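Asker: Top line first, the protein sequences correspond to chains A and B.
Position 161, counted from 1, in the first sequence is what the working numbering calls 1041; the numbers after and before it change by one each time, with no gaps.
Position 395, counted from 1, in the second sequence is what the working numbering calls 483; the numbers after and before it change by one each time, with no gaps.
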Amino acid sequence: MSIFPAKGVWWNEPVEKSEVLWVSIAFLWAMIMFFMMPYWHFAGEQNLSNEAYKISPDAFVEKTENFAAKYTVREDAATGIPVVAPPAGSDVYIFGRTFEWWPMLELEQDKSYRFHISSADYMHGFSLLPENINLQIIPDYEMVLTITPTSSGEFSIVCNEFCGIGHHNMVGKIFVK
Amino acid sequence: MANFRTCPDTGFKIDLQADKLIKWNAVTAVVFLLVGGLFGLLVALTRWPAVHLLDADLFYLALTAHGLDVLLVWIIFFEMALLYFTSAILLNSRLAMPKVGWLGYVLMLVGALITNVAVLQGNSTVMFTSYVPLQAEPHFYLGIILFAVGALLGCAVFFGTLYIAKKERTYEGSIPLVTFGAMTAAIIAVFTIATGAVILIPTMLWSMDIGLIDRVDGLVYRIVWWGMGHSSQQINVAAQIACWYAIAAILFGAKPLSEKVSRTAFLMYILFLQLASAHHLLVDPGLSSEYKIFNTSYALYLAVLGSMIHGLTVPGAIEAAQRKKGFNNGLFEWLAKAPWGNPVFSGMALSVVLFGFLGGITGVIMGTEQLNIIMHNTMYVPGHFHGTVVVGTTLAFMAISYWIVPTLWQKEMVMPGLAKWQPYLFGLGMGAAAIFMMGAGTLGVPRRHWDIAFADSAIGHVFPEAANLMMGLAGVSAVVGSLGALIFILNMVGTILWGKAKVPAPASAEPTPAETPSAATSYGGAGTMAVPGTFVLAMVFLTTFVLYYFVNWKYLAGVWGLS
Ligand code: HEM
Ligand SMILES: [Cu+2]
Ligand SMILES: [Cu+2]
Chain A
881 MSIFPAKGVW WNEPVEKSEV LWVSIAFLWA MIMFFMMPYW HFAGEQNLSN EAYKISPDAF
941 VEKTENFAAK YTVREDAATG IPVVAPPAGS DVYIFGRTFE WWPMLELEQD KSYRFHISSA
1001 DYMHGFSLLP ENINLQIIPD YEMVLTITPT SSGEFSIVCN EFCGIGHHNM VGKIFVK
Chain B
89 MANFRTCPDT GFKIDLQADK LIKWNAVTAV VFLLVGGLFG LLVALTRWPA VHLLDADLFY
149 LALTAHGLDV LLVWIIFFEM ALLYFTSAIL LNSRLAMPKV GWLGYVLMLV GALITNVAVL
209 QGNSTVMFTS YVPLQAEPHF YLGIILFAVG ALLGCAVFFG TLYIAKKERT YEGSIPLVTF
269 GAMTAAIIAV FTIATGAVIL IPTMLWSMDI GLIDRVDGLV YRIVWWGMGH SSQQINVAAQ
329 IACWYAIAAI LFGAKPLSEK VSRTAFLMYI LFLQLASAHH LLVDPGLSSE YKIFNTSYAL
389 YLAVLGSMIH GLTVPGAIEA AQRKKGFNNG LFEWLAKAPW GNPVFSGMAL SVVLFGFLGG
449 ITGVIMGTEQ LNIIMHNTMY VPGHFHGTVV VGTTLAFMAI SYWIVPTLWQ KEMVMPGLAK
509 WQPYLFGLGM GAAAIFMMGA GTLGVPRRHW DIAFADSAIG HVFPEAANLM MGLAGVSAVV
569 GSLGALIFIL NMVGTILWGK AKVPAPASAE PTPAETPSAA TSYGGAGTMA VPGTFVLAMV
629 FLTTFVLYYF VNWKYLAGVW GLS
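#1: Quick check on the DSSP output: the beta strand (DSSP E) that includes B/G587 runs from which residue to which?
#2: Can you tell me the Cα-Cα spacing of B/E347 and B/S262, whole angstroms?
#3: Assuming B/T335 and B/A224 form a contact by the criterion Cβ under 8 Å, report the distance between their Cβ atoms to the nearest whole angstrom.
#4: Looking at the secondary structure, which residues open and close the alpha helix (DSSP H) in which B/L625 lies?
#5: What is the DSSP secondary structure of A/K950, counted as helix, strand or coil?
#6: Under a Cβ-count criterion, where at least 16 other Cβ atoms within 10 Å of its own Cβ denotes burial, should A/I912 be classed as buried or exposed?
#7: Would you list, in chain order, the members of the stretch 959-976 of chain A that have their beta-carbon closer than 8 Å to a beta-carbon of chain B?
#8: Once the 5 residues before and after B/E598 are set aside, which same chain residues still bring their CB inside 7 Å of it?
#9: If you draw a straight line from the alpha carbon of B/L585 to that of B/G155, how long is it in whole angstroms?
#10: How is the alpha helix (DSSP H) around B/R135 delimited, first residue to last?
#11: Looking at the C-beta of B/G621, does it have a partner C-beta in chain A at a distance below 7 Å?
#12: So if I threshold CB-CB distances at 9 Å, which residues from the stretch 1014-1026 of chain A count as touching chain B?
#13: Under 6 Å from any heavy atom of ligand 2, does the C-beta of A/M1050 make it?
#14: Say whether chain A places a C-beta atom closer than 7 Å to the C-beta of B/G649.
#15: Closer than 6 Å: is that where the CB of B/H549 sits relative to any heavy atom of ligand 2?
#16: Below 8 Å, can you find three or more Cβ-Cβ pairs linking the stretch 394-411 of chain B to the stretch 363-381 of chain B?
#17: Please list the residues of the stretch 893-911 of chain A that have a C-beta atom closer than 9 Å to any C-beta atom in chain B, keeping them in chain order.
#18: At which residue ranges does the stretch 336-391 of chain B contain complete alpha helix (DSSP H) runs of 4 or more residues, listed in the order of the chain?
#19: If you drop the 5 nearest sequence neighbours on each side, which residues of the same chain put their C-beta closer than 7 Å to that of B/I462?
#20: List, in order along the chain, the chain B residues whose C-beta lies closer than 7 Å to that of A/A932?
#21: What residue does the beta strand (DSSP E) around A/H1004 start on, and which one ends it?
#22: What does the Cβ neighbour count give for A/K1053, buried or exposed, with the cut at 16 atoms within 10 Å?
#23: Beta strand (DSSP E) containing A/Q1016: first to last residue?
#24: Just verifying my parser: in three-state terms, what is the DSSP assignment at A/W920?
#25: Can you give me, in chain order, the residues of the stretch 533-552 of chain B that have a beta carbon less than 7 Å from any beta carbon in chain A?
#26: Would you say B/G306 faces chain A, with C-beta separation under 7 Å as the test?
#27: For ligand 1, I want to know if B/G192 counts as a neighbour, meaning its beta carbon is within less than 6 Å of at least one of the ligand's heavy atoms.
#28: Terminal residues of the continuous alpha helix (DSSP H) containing A/N1052?
#29: Nearest-angstrom Cα distance between A/F1006 and B/L208?
#30: Run down chain A in chain order and give the residues with a C-beta less than 9 Å from the C-beta of B/S346.
#31: Quick check on B/Y379: buried or exposed, where buried means 16 or more other Cβ atoms within 10 Å of its Cβ?
#32: Would you say B/T632 faces chain A, with C-beta separation under 7 Å as the test?
#33: Taking Cβ to Cβ, would you say B/M467 is nearer than 7 Å to B/V118?
#34: Quick check: the Cα distance between B/A618 and A/K887, rounded to an integer number of angstroms?
#35: Where do the N-terminal and C-terminal ends of the beta strand (DSSP E) with A/G1033 fall, by residue?
#36: Any idea what DSSP makes of B/Q223, helix, strand or coil?
This is the structure in structure tokens:
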């Protein structure tokens, strides 16, 4: 019994068939699950590049402001945050800052953009809805990945990492045409 | 010299110091479950959109307190009780260094109080993960560090007792499987606490602002913090599974199908699970895919394999024992004739099933490199871990309490009628809450978020009505689950304070372990006993797992291209 000491040569006793079978099946399943991850890097369309750079928040904010200055098309009426429409295929900069995502973006469907995402202060969660794409944004790190919007409409970036008492007010926008 | 008493129910020789330490740790644990559970209820009532109880600042404060009081304080105090129980009592030994045990207890208690005060003061609302550069007051970290040092002392007492028992030959053969499981937990705990020290001490110095450390890197913090945060969950899994085996033995006289396999499965936790912290960092910048895949597969899956083995061998051991008693009809007579009205059994059975289906499957899926993209930091995450640490670990601890408390205190339970229902209320209530949280998560509802209606926000996001419905149902279920938790707490505290003294039962109907014939206690290849019912259940589990796994790949394939 499991609450009493194990006596005799328990390490040498035969193992029952169904137990052996289960261990083998479970191991096989673990191998399949392992295989799926590298497989998706070749066959799937949703992989993170894992490209990242160290950068100071100030430097990143400056890069983003230069980017916005070039391509701003209008201002959001409610917040005054610029809406930026970069050319298809170009580099796109966006950062989180308590409690906003800056700037807003206007993109074209089925075109790819090289996103650079970082934070100006605390950690934030980049949750692109309703797609449900979620990224961890860490200050001092510039995350780079290529995003291809495959649907159109208005999308929100909701912050889903706690970043302070106003955290729930932190929403950004991406418009896809 | 140590003094002993003999347990009238089990015949175990009980060191009086161990007895006292177990009682104090267990009672303290239950008190913190009450406190932490109340915070959880407040949080749940706030996230229920129609109720939206607390203000934003109080909500985040309550959430910080909830995470700390249940995940850290309740669980670890209870684990200390388990460590002393599985060493001194199960080995019929005196407890090593009882004074150190008491010092550990006091440090843990003082630490827990300090951190709670820090949180309630309002300037340490940083969640229990306390990600930098959000900053708490120095005593927030100090409390956690003291608590951890106390727990480390508890582990030292445990190892010391194992040593003494071996040296003084208080037992013959190898330590019991349950003690082996507890040892697994204690070994992982040492690693966990060391990792915690590496990250929390510098963070405390940073928050003291005395010029020693002026910056803590966010990514480094997350990597090291999860080295602790993830490993600590392995302590819980090991401890909870030790409870499963213990209950199977106590209620059914069940022997493990194979000592060898079960012990190897525990070893896999030590070898692999604690390395698997990268599944918390799958969408972080700056870590390579190779590392993420290696870490989540090699490390994680081999440990998952360990859990899948226990998932078969625990019910399998019960099936074998029941069949030996003659419940041999068909595939499931052994299960149908199990004591479903006994909370020790029903709590454990629900814990096995709910942990596997709700916590286990979803955890592995979330821990898949690419699948994490569609779940990270959504309500799916708290949904998952209420499947592991609440309806798994907490429920298992409740189940074993129904046996430990009346036995150690030698008292009758005050509310035996309610106790019958309690595991179902708590398990099914919190299980449903976990499912609805996960449902909300698949619709993108963020975790740790005060208002998904964005009423105060200049711009907002409109969630589908189904998301509000899910959050509402999660709220209702959480209320049911909280009621279950409350009944447990009242029953335990009531029994300890006002329970009638047990009259030593003349040859009770249920065989207690000491009365089990010794032939059955020494394990003798029960392995040759087939367990077809359990195997069928395991295949049902695997089928669910496989289907749900691939459903999630299909969801992923539908989202925007990322490369
Ligand atoms: C008593 C019933 C309980 C209820 C009603 C409850 C409810 C909740 C809710 C609604 C959340 C918030 C999710 C969010 O907004 O992000 C939460 C978070 C959490 N719960 Fe519970 N819970 C209960 C018990 C427990 C127990 C027993 C544990 C651990 C053993 C636990 C561990 C946690 C943790 C670690 C968090 C995350 C806190 C954070 O995000 O910082 N809960 N709980
Ligand atoms: Cu935020
Ligand atoms: Cu983990």
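The beta carbon of each residue, even a glycine, is placed where N, CA and C say it ideally should be.
Note that this is a predicted model, so its numbers are computed, not measured.
Answerer: In this structure, then:
#1: Boundaries for B/G587: no beta strand (DSSP E) harbours it, and the DSSP string shows neither H nor E there.
#2: Between B/E347 and B/S262, the C-alpha separation is close to 10 Å.
#3: The sequence as given places Ile at residue 335 of chain B; Thr does not occur at that position. Rounded, the Cβ-Cβ distance is 39 Å, inconsistent with contact.
#4: The continuous alpha helix (DSSP H) containing B/L625 extends over residues 620-645.
#5: In this structure, A/K950 counts as helix in the three-state DSSP scheme.
#6: So A/I912 counts as exposed.
#7: Look at the stretch 959-976 of chain A: the residues with a C-beta under 8 Å from a C-beta of chain B are T959.
#8: The predicted position of B/E598 is uncertain, since its pLDDT is 44 and thus under 50; a value taken from the coordinates is nonetheless stated next. Excluding sequence positions up to five before and after B/E598, its CB lies less than 7 Å from no other CB in the same chain.
#9: About 28 Å.
#10: Judged by DSSP secondary structure, B/R135 falls within the alpha helix (DSSP H) whose first and last residues are 104-135.
#11: So no, B/G621 is outside the interface.
#12: Within the stretch 1014-1026 of chain A, the residues whose Cβ lies closer than 9 Å to some Cβ of chain B are N1014, L1015, Q1016, I1017, I1018, P1019, D1020, Y1021, E1022, M1023, V1024, L1025, T1026, listed in chain order.
#13: A/M1050 Cβ: within cutoff of ligand 2.
#14: When Cβ-Cβ separations below 7 Å define contact, B/G649 makes contact with chain A.
#15: In terms of side-chain proximity, the C-beta atom of B/H549 is found no nearer than 6 Å to any non-hydrogen atom of ligand 2.
#16: Fewer than three pairs of CB atoms, one per stretch, sit closer than 8 Å, so the stretch 394-411 of chain B makes no contact with the stretch 363-381 of chain B.
#17: Of all residues in the stretch 893-911 of chain A, the ones placed with a Cβ closer than 9 Å to any Cβ belonging to chain B are E893, P894, V895, E896, K897, S898, E899, V900, L901, W902, V903, I905, A906, F907, W909, A910, M911, in chain order.
#18: Runs of the alpha helix (DSSP H) spanning 4 or more residues and lying entirely within the stretch 336-391 of chain B occur at 347-359, 377-382, in chain order.
#19: These residues qualify, in order along the chain: Y643, L644, V647.
#20: Going along chain B in sequence order, the residues near A/A932 (Cβ under 7 Å) are P373, G374.
#21: 1004-1009 is the span of the beta strand (DSSP E), which, as asked, contains A/H1004.
#22: When all chains shown are included, A/K1053 counts as buried.
#23: Here the beta strand (DSSP E) through A/Q1016 covers 1013-1017.
#24: For A/W920, the secondary structure class from DSSP, reduced to helix, strand or coil, is helix.
#25: Contacts with chain A (Cβ-Cβ distance below 7 Å) from the stretch 533-552 of chain B involve P534, R535, R536, H537, W538, D539, F542, D544, S545, A546, I547, G548, H549, listed in chain order.
#26: Against chain A, the CB of B/G306 has a partner CB under 7 Å away; the residue lies at that interface.
#27: Flag unset: Cβ of B/G192 not near ligand 1.
#28: The question names Asn, yet the displayed sequence has Gly at residue 1052 of chain A. Element bounds for A/G1052: not the alpha helix (DSSP H) but the beta strand (DSSP E), 1051-1056.
#29: Rounded to the nearest angstrom, the two C-alpha atoms are 29 Å apart.
#30: Result: W890, E893, P894, V895, E896, E899.
#31: Result: exposed.
#32: B/T632 does not count as touching chain A.
#33: Note that the C-beta distance between B/M467 and B/V118 is not below 7 Å.
#34: If I take the Cα positions, the gap works out to 22 Å.
#35: Going by DSSP, A/G1033 is part of the beta strand (DSSP E) stretching over 1033-1039.
#36: Coil, per DSSP.
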